Structures are given as C-alpha cells and as structure tokens.
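Number of protein chains: 2
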Amino acid sequence: MPKSGSPGPLYKKVKSFVLDRIHSGEWRPGDRVLSENELVRELGVSRMTVNRGLRELTDEGYLERIAGVGTFIAQSRSQGHPLEVLNIADEIHSRGNTHRARLIYALEEPVSPDRAVALGVVPGTSVFHSLIVHYENDRPIQLEDRYVNPAAAPDYLSVDFERITPSEYLLEVAPLKKVEHMVRAVMPTDEVRRHLEMPRDEPCLLLVRRTWSPASTTKAAVASTARLYYPATRFQLGAPFSVRTGDS
Amino acid sequence: MPKSGSPGPLYKKVKSFVLDRIHSGEWRPGDRVLSENELVRELGVSRMTVNRGLRELTDEGYLERIAGVGTFIAQSRSQGHPLEVLNIADEIHSRGNTHRARLIYALEEPVSPDRAVALGVVPGTSVFHSLIVHYENDRPIQLEDRYVNPAAAPDYLSVDFERITPSEYLLEVAPLKKVEHMVRAVMPTDEVRRHLEMPRDEPCLLLVRRTWSPASTTKAAVASTARLYYPATRFQLGAPFSVRTGDS
DNA sequence: AAGTGGTCTAGACCACTGC
DNA sequence: CAGTGGTCTAGACCACTTT
Numbered sequence: 000m001p002k003s004g005s006p007g008p009l010y011k012k013v014k015s016f017v018l019d020r021i022h023s024g025e026w027r028p029g030d031r032v033l034s035e036n037e038l039v040r041e042l043g044v045s046r047m048t049v050n051r052g053l054r055e056l057t058d059e060g061y062l063e064r065i066a067g068v069g070t071f072i073a074q075s076r077s078q079g080h081p082l083e084v085l086n087i088a089d090e091i092h093s094r095g096n097t098h099r100a101r102l103i104y105a106l107e108e109p110v111s112p113d114r115a116v117a118l119g120v121v122p123g124t125s126v127f128h129s130l131i132v133h134y135e136n137d138r139p140i141q142l143e144d145r146y147v148n149p150a151a152a153p154d155y156l157s158v159d160f161e162r163i164t165p166s167e168y169l170l171e172v173a174p175l176k177k178v179e180h181m182v183r184a185v186m187p188t189d190e191v192r193r194h195l196e197m198p199r200d201e202p203c204l205l206l207v208r209r210t211w212s213p214a215s216t217t218k219a220a221v222a223s224t225a226r227l228y229y230p231a232t233r234f235q236l237g238a239p240f241s242v243r244t245g246d247s
Numbered sequence: 000m001p002k003s004g005s006p007g008p009l010y011k012k013v014k015s016f017v018l019d020r021i022h023s024g025e026w027r028p029g030d031r032v033l034s035e036n037e038l039v040r041e042l043g044v045s046r047m048t049v050n051r052g053l054r055e056l057t058d059e060g061y062l063e064r065i066a067g068v069g070t071f072i073a074q075s076r077s078q079g080h081p082l083e084v085l086n087i088a089d090e091i092h093s094r095g096n097t098h099r100a101r102l103i104y105a106l107e108e109p110v111s112p113d114r115a116v117a118l119g120v121v122p123g124t125s126v127f128h129s130l131i132v133h134y135e136n137d138r139p140i141q142l143e144d145r146y147v148n149p150a151a152a153p154d155y156l157s158v159d160f161e162r163i164t165p166s167e168y169l170l171e172v173a174p175l176k177k178v179e180h181m182v183r184a185v186m187p188t189d190e191v192r193r194h195l196e197m198p199r200d201e202p203c204l205l206l207v208r209r210t211w212s213p214a215s216t217t218k219a220a221v222a223s224t225a226r227l228y229y230p231a232t233r234f235q236l237g238a239p240f241s242v243r244t245g246d247s
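So, in structure tokens, the structure goes:
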C-alpha cells in the first residue's frame with residue numbers, strides 16, 4: 000500500500016496534501032484552500048504540478064475554483080460521489096454512521112458458462128462466490144452478491160468478511176485498473192427481500208459492477224463482478240460531476 | 000454556439016481533432032491514434048498541451064493509452080460516465096433506433112416553495128413546466144417531467160417539443176456549467192405507468208437531473224430540473240454485458 | 001536505438017476579482 | 001494595484017516497449 004511518503008507522481012502529493020486536510024476536518028466545506036503559489040512554496044513543486052493536482056480534485060468534486068478569487072472546499076457533501084465509492088463501509092462511515100456486515104456464505108463453486116465469460120476465466124473452473132448483507136446503523140442497506148476470479152485474489156475465502164469488506168480486501172491485494180457499472184431498477188426476489196428486510200412491492204436499485212486488475216502482461220483480466228442490491232426507500236445514488244463542454 | 004474553429008483553449012482543439020475523427024468513423028475502436036509528437040507537429044501546439052487533451056479523452060473513456068506503445072481508440076464505448084448522455088434523442092439514434100416525442104403539456108405555473116429553492120428562483124414567481132413522453136421505435140422509453148427557470152430560457156414554451164427535445168433546446172440557448180444526478184428506484188404512480196405503458200408491479204428507474212448555466216456575474220443559477228422515468232424492463236444505465244443470473 | 005507515454009520545471013501571458 | 005486561477009511553451013528526464 001503506497002503511503003503519503005511514497006515517491007509517486009508529485010501531483011498526487013498535492014492531491015494527498017489537500018485530501019488529508021479535508022478528511023481530517025481541518026478544512027471544511029466553503030473554506031479557502033491554499034492558493035497555487037502558496038502550495039508551490041509549501042510543497043516545493045512547480046505551479047503546473049500544483050495546478051494539475053487541484054484540477055483533478057475539482058473534476059472529482061472535492062474543490063471549486065473561481066478564477067481571480069480562489070479555491071474552495073466544495074459544499075456538495077459526502078453523499079456525493081456517484082459510482083466512485085467502491086467500499087460501502089467508507090461511504091457509511093463518511094455519513095457518520097456505523098457499518099456492520101453479516102456473511103451469508105463464502106465458498107468456491109464451479110462457474111457457469113456465461114459467468115466464465117464475464118469473469119474472464121476458463122469455463123469449467125471454479126470461482127469464489129460470496130453473499131454479504133451490509134448494515135447502516137443496524138438497518139440493511141446493501142446485499143452484495145459477488146464473484147471473484149481466484150487468479151486475482153487466491154486467498155479470498157480466508158478473509159473475515161464481517162471485519163473487512165470484499166471491496167476493501169480486493170483493493171488491497173490487487174490495484175484497480177478499470178471499473179464498469181450498470182444500474183437497473185428491479186423487483187427483489189424473495190431471498191433478496193428477506194436479507195434486506197424489505198416490505199413487499201418495494202423495488203431495489205441494482206448496481207452491477209465489474210472490476211479489472213492489471214494482469215500478467217498486456218491484457219487486463221476481470222477480477223470480480225458484483226451485484227449490489229439496495230432497498231429503494233433507503234438509498235439513492237447521487238452523482239454530481241462537472242461537465243466539460245465542447246463534445247457532441 | 001462556439002464551433003471547432005473557435006479560439007478557445009488549445010487542448011480543446013486537440014480533443015476536437017481526435018473526437019471529430021472518431022465520430023466521422025475515420026478512426027475505429029482499436030485503431031492507433033497519432034502519437035503525442037505527431038500531434039505536436041500536426042497541430043502546432045506543445046507536447047504538454049497535446050498530453051492534456053489526450054489525457055482528458057482517456058479519462059472520459061474515449062482513448063486507452065499504453066506507455067511505450069501508443070494511444071488507441073477505446074473498445075468499449077460507455078465504460079466511463081453513463082450519465083453523460085444528456086439528450087435522449089441522441090442516445091436512441093446512436094443505437095440505430097428512431098426517436099419520437101409526444102408532448103403532454105407545456106405551460107407556465109406558479110412555483111411551489113421547495114421547487115423554488117431547487118430551481119434558484121424567488122418563491123411566488125412562475126416557472127415553465129413540461130411533460131413529455133419519449134419513444135424508441137414507438138415504445139415509451141422515458142417520461143420527462145421538467146421544470147425550467149425562465150431566466151435561463153425565456154422562450155421555452157414556444158419550442159416544438161415533438162421536433163426538438165428540451166435538452167437539445169436548453170443546450171442551445173444556454174451553455175451548461177454543471178450537472179447533478181440522482182438515481183433512484185421507484186414504483187411508478189398511475190399517471191407515470193400509463194404514459195410509459197407499463198404493466199403493474201414493475202418499477203421505474205428515476206433519474207433526477209439538475210443543470211446549471213452560468214449566470215449574471217459570480218454565482219451560478221439553476222437552469223432546469225428534470226425527473227426522468229424509465230421502465231425498468233426497457234432500460235438500464237450503463238454498458239450492458241452478458242451476465243444473466245437466475246435471480247432478479 | 002528509437003519511439004512511446006508519464007511526468008516535471010521555470011518561466012510566461014491572459015482575464016478576472018478584490019482592494 | 002497585487003493576487004487569483006487558466007492556459008501555454010520548450011525544454012527535460014524517466015521507464016517502458018519495439019525493432
């Protein structure tokens with residue numbers, strides 16, 4: 000795990016510098032951020048590098064910039080990030096709530112032909128399959144039905160999923176190269192409805208997520224696919240993002 | 000409307016150069032793009048400027064870059080932000096289908112207090128309100144319930160919405176500064192279900208979209224808010240792929 | 001060795017807002 | 001006026017892949 004002292008790109012140091020102060024609460028929404036020239040002096044990097052770091056944070060919704068005035072912590076608040084929140088525990092904690100997970104099962108099973116294609120494994124082999132309910136303040140908020148390519152995380156089944164979420168573990172063992180999302184509205188099956196403690200006639204928001212990790216040489220291999228069910232009345236997907244004009 | 004000959008930022012010229020060749024079909028997925036140094040010579044800008052343009056296109060999902068090898072047109076079209084499609088007619092046409100719109104009503108009405116806040120207008124004034132059904136190959140695909148701030152589009156009610164979609168018109172009269180999305184799963188009301196010709200017990204995907212245009216001086220004013228209802232069985236947000244499970 | 005993208009620098013000019 | 005962010009340049013060094 001690269002930490003803040005690592006020798007990575009300098010613009011990431013700029014981003015960490017700002018993000019650390021946002022997450023620690025030192026800088027609150029609406030606060031003014033150090034100007035580009037101040038950060039140049041503070042961090043000892045060029046202004047172009049500072050600018051790239053701040054621009055990326057702006058694109059990601061953390062900052063708002065006004066030419067001639069300054070850079071400010073965005074108001075938009077946490078519920079914000081759309082599909083970028085990969086770990087539900089982080090999301091729940093950022094709302095100031097408590098997260099708990101209950102493992103229904105985690106096992107190895109032969110893969111179905113279609114899923115073999117989706118996971119990028121040879122049909123007929125086995126893959127890992129876990130089913131976990133996530134609670135926010137003791138209310139079910141997400142049912143996570145996940146398949147994992149063993150090549151990406153050989154020790155997946157040994158993880159204590161009531162302490163570490165699959166996302167958290169997978170992000171640790173394999174860097175993320177690409178993520179693909181699909182959002183649907185569905186009526187839950189009886190099993191899904193039971194785990195989420197939902198009343199009848201209430202729909203689910205279904206988020207299907209495929210994640211890729213860098214593989215052997217040139218090609219990327221699928222690491223995991225997850226079907227994330229959310230009770231409609233307890234969840235909405237917020238997605239503020241800035242739009243670049245000019246495309247058509 | 001600024002067009003490709005405009006004197007905007009040079010890195011946008013780089014982006015246009017590439018996007019034009021993608022949209023015209025000259026460059027197909029998997030094709031190799033001119034290298035940074037070639038684009039430097041071609042466009043007469045510095046390599047840093049070329050790099051920024053190509054990097055943004057990569058972030059937006061149009062390109063894939065491999066250090067030491069080259070830059071290529073991305074294979075999967077909508078891996079990035081599925082919410083970037085603002086105009087449903089474009090989306091339908093890009094699937095090779097025909098789009099038709101039916102106007103239910105378009106009128107001026109006094110604004111409710113909460114909606115006044117959401118639209119950024121003074122409570123008690125009037126706003127525009129339109130309700131339109133969009134059809135893909137003669138099947139209802141979206142119900143668009145939209146409120147428009149008259150300051151952003153004074154002539155909104157004179158538009159022929161069966162020929163020009165509200166998104167299309169609004170993008171023309173006012174440049175887009177910011178977009179905010181929220182996605183929910185809901186059960187449709189009787190009215191929504193009737194307009195979308197949906198069976199009972201089928202949920203809707205509800206996309207709530209707020210768009211801002213640059214306003215008078217410093218602050219941005221909300222231009223429009225829209226509630227977009229999609230029949231769950233006829234729509235999914237994002238890139239479809241071939242996982243069909245027994246559940247759902 | 002030559003080409004690629006990834007990053008960084010030390011300047012520069014501009015339009016803008018605030019005082 | 002000085003300060004801000006927005007952009008741009010002409011170099012540079014690096015790790016990497018291909019030939």
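Taken in sequence, the protein lines are chains A and B. Counting in numbering that gives the first Met the number 0, the final residue of the first sequence is number 247, and the numbers go up one at a time with none missing. Counting in numbering that gives the first Met the number 0, the final residue of the second sequence is number 247, and the numbers go up one at a time with none missing. Cβ atoms here follow ideal geometry from the backbone N, Cα and C, with glycine treated the same way. All values reported here derive from a predicted model rather than from experimental measurement.
Practice item. Put Ile-140 of chain A into one of helix, strand or coil per three-state DSSP. Key: strand
Point to revise | When B:Arg-199, B:Asp-159, B:Val-49 and B:Tyr-228 are compared against Lys-14 of chain B, the one with the closest alpha-carbon | key: B:Val-49
Point to revise | Residue burial classification, Tyr-229 of chain A (beta-carbon count within 10 angstroms, cutoff 16) | key: buried
Check your understanding: If you drop the 5 nearest sequence neighbours on each side, which residues of the same chain put their C-beta closer than 6 Å to that of Gly-91 of chain A?
Key -> Inspection of the sequence shows that residue 91 of chain A is occupied by Ile rather than by Gly. Within the same chain, Ile-91 of chain A has close Cβ partners His-98 and Glu-135.
Review point. Distance, Cα to Cα, Gly-52 of chain A vs Lys-11 of chain A?
Key: 6 Å
Practice item. Indicate whether Met-186 of chain B and Asp-159 of chain A have their beta-carbon atoms separated by less than 8 Å. Key: no
Point to revise | Inter-residue spacing [alpha-carbon to alpha-carbon] between Arg-94 of chain B and Ala-88 of chain B | key: 10 Å
**Study point:** Proximal residues of chain A, C-beta to C-beta of Asp-200 of chain B below 9 Å
**Key:** Met-186 and Asp-200
Review point. Between the stretch 168-182 of chain B and chain A, which residues of the former have a C-beta closer than 8 Å to a C-beta of the latter?
Key: Pro-174, Leu-175, Lys-176, Lys-177, Val-178, Glu-179, His-180, Met-181 and Val-182
Exercise for review: Kindly provide the ranges of any beta strand (DSSP E) runs that are 3 or more residues long and lie completely inside the stretch 96-129 of chain A, ordered along the chain.
Suggested key: 98-109
Review point. Ser-129 of chain B and Tyr-168 of chain B look like a contact to me (Cβ under 8 Å); what is the Cβ gap, rounded to whole Å?
Key: Rounded, the Cβ-Cβ distance is 10 Å, inconsistent with contact.
Review point. Given that Ala-152 of chain B touches chain A, what residues does it touch there, using C-beta distances under 7 Å?
Key: Simply none; closest approach about 17 Å.
Review point. Which bits of chain B does Leu-9 of chain A rub up against, with CB to CB less than 9 Å?
Key: Here the premise fails: no neighbours, minimum Cβ distance about 15 Å.
Check your understanding: Since Arg-233 of chain B and Ile-140 of chain B are thought to touch, with beta carbons under 8 Å apart, how far apart are those beta carbons, to the nearest angstrom?
Key -> 6 Å
Practice item. Tell me, please, whether the CB atom of Leu-227 of chain A is closer than 8 Å to any CB atom in chain B? Key: no
**Study point:** Same chain, Cβ closer than 6 Å to Asp-144 of chain B, five either side skipped, listed in chain order
**Key:** Leu-130 and Arg-226
Review point. Chain B beta carbons: is any one of them nearer than 8 Å to that of Leu-204 of chain A?
Key: yes
Point to revise | Beta-carbon proximity list for Glu-161 of chain A, same chain, < 8 Å, skipping 5 on both sides | key: Arg-99, Ala-100, Arg-101 and Leu-102
Check your understanding: Between Gly-60 of chain A and Phe-16 of chain A, what straight-line distance do the alpha-carbon atoms span, to the nearest angstrom?
Key -> 16 Å
**Study point:** Reduced DSSP category for Glu-59 of chain B - H, G, I as helix; E, B as strand; rest coil
**Key:** coil
Review point. Under a CB-based cut-off of 8 Å, is Arg-231 of chain A close to chain B?
Key: The sequence shown places Ala at residue 231 of chain A, not Arg. Yes, Ala-231 of chain A counts as interfacial toward chain B.
Review point. Hey, out of B:Arg-20, B:Leu-118 and B:Ile-21, whose CA is closest to Leu-211 of chain B's CA?
Key: First, the amino acid is wrong: residue 211 of chain B is Trp here, not Leu. Of the candidates B:Arg-20, B:Leu-118 and B:Ile-21, the one whose C-alpha sits nearest the C-alpha of Trp-211 of chain B is B:Leu-118.
**Study point:** Residue of B:Glu-63, B:Leu-85 and B:Leu-156 minimising C-alpha distance to Ser-166 of chain B
**Key:** B:Leu-85
**Study point:** For Ser-223 of chain B: DSSP bridge partner residues
**Key:** B:Val-147 and B:Thr-210
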